[in-house]
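Right, one structure below, let's go through it.
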Amino acid sequence: VLFKLNERLTLKADGGRFAQMPSLPVSVPGFEAFGLADLGAQTSIGGSLGVEARLPRGFTFGVTGYYEKLRLTDVRDIDINNPDPTAPDFLVSRPGRAYGAEILIRRANEGRLFGWLAYTLSWSLRADDSGVYGRSDWDERHVLNLVAGYRLRGGYTIGARFHLNTGRWAPIILSNGNYQQLPTYYQLDLRAERHFIFDRFTLDLFADFADVTFDHEVLQVSSDYNPETGQTTIVQQKIQIVLPTIGVHAQF
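In structure tokens, the structure reads:
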């Protein structure tokens with residue numbers, strides 16, 4: 018629902034109930050054939066309420082709050098040594114909550130300068146077997162995205178994207194249920210583009226470079242016990258994706 022208070026101020030609201038088949042936190046091809054339907058559908062009921070204001074020079078400013086009540090499938094015990102997705106007690110259906118707020122500052126894709134800045138403050142909670150709510154394995158408190166582009170003369174456009182998120186609240190594998198905050202991750206992507214206009218079609222030549230900061234993202238941590246020294250260390254499993262791309266896009 019949209020309600021215009023005046024020419025510059027708009028209220029926005031939405032809500033709904035959603036459902037989908039049960040699933041693993043990480044997708045396993047063909048796993049649906051093992052009868053996950055016994056857990057019942059995953060569901061969520063929630064909504065959001067926000068306000069958007071039109072600012073000078075083509076900018077808009079918006080603030081939106083949201084809340085969801087969830088029931089999701091989750092791994093019952095993250096520390097099992099020999100996980101068997103087909104076991105009847107491998108997954109469990111848990112209630113959860115998700116809520117937060119987003120700030121969005123945007124300039125429309127018109128003129129020379131365009132882009133947006135989005136910041137989200139969020140909470141993701143799950144209930145344990147005793148019904149006590151705590152941070153879920155996917156809880157990331159802060160997420161920031163900044164995207165900007167600028168059109169130069171002669172059909173050239175340059176752009177950049179900066180992403181930052183605080184690390185999620187992750188279980189330490191093989192640590193008897195301990196958790197740890199993963200490190201903050203950031204990434205900078207760059208893009209250059211040349212736009213051509215012909216009689217019957219347009220053509221874009223572009224070059225992208227993802228992750229020019231060469232930062233590693235920590236996906237998971239595990240406990241490693243050394244029997245010789247008797248010491249336990251935390252090992253980080255990291256990933257780094259550096260992706261240069263050159264492409265052509267035509268539109269008729």
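For the sequence shown, the positions run 18 to 269 when the numbering used here is used. Here a beta-carbon is modelled for each residue, glycine too, at the ideal position from N, C-alpha and C.
When you compare only the Cα positions, how much space is there between residue i and residue j?
i       : j       : result
Ser-110 : Arg-88  : 7 Å
Thr-201 : Gly-184 : 5 Å
Asn-195 : Ile-251 : 11 Å
His-212 : Ile-175 : 11 Å
Lys-86  : Ala-30  : 17 Å
Tyr-116 : Val-68  : 17 Å
Gln-254 : His-233 : 10 Å
Tyr-84  : Pro-244 : 47 Å
Glu-210 : Leu-66  : 37 Å
Gly-82  : Thr-246 : 51 Å
Ala-267 : Trp-186 : 43 Å
Trp-155 : Arg-217 : 48 Å
Pro-39  : Gln-237 : 23 Å
Who are the Cβ neighbours of residue i in its own chain at under 8 Å, not counting the five residues just before and after it?
i      : result
Arg-34 : Thr-60, Ser-61 and Ile-62
Which residue from the options puts its Cα closest to that of residue i?
i       : options                               : result
Ile-189 : Asp-156, Ser-240, Phe-231 and Arg-152 : Ser-240
Gly-64  : Phe-226, Phe-107, Ala-118 and Asp-221 : Ala-118
So the beta strand (DSSP E) residue i belongs to, where does it begin and stop?
i       : result
Ser-65  : 59-71
Ser-139 : 130-144
Pro-261 : 260-268
Gln-248 : 248-256
How many whole angstroms separate the CB atoms of residue i and residue j, which I take to be in contact at a CB cut-off of 8 Å?
i       : j       : result
Leu-163 : Leu-134 : 5 Å
Tyr-167 : Leu-130 : 5 Å
Asp-228 : Val-259 : 5 Å
Counting only the same chain and skipping the five closest in sequence on each side, list residues whose C-beta sits under 6 Å from that of residue i.
i       : result
Tyr-150 : Leu-142 and Ala-144
Thr-219 : Gln-268
Ser-192 : Ser-240
Tyr-242 : Thr-249
Sorted by chain position, which residues of the same chain lie with C-beta nearer than 7 Å to residue i's C-beta, five sequence neighbours on each side aside?
i       : result
Leu-72  : Phe-78
Ala-165 : Gly-132, Gly-176 and Ala-177
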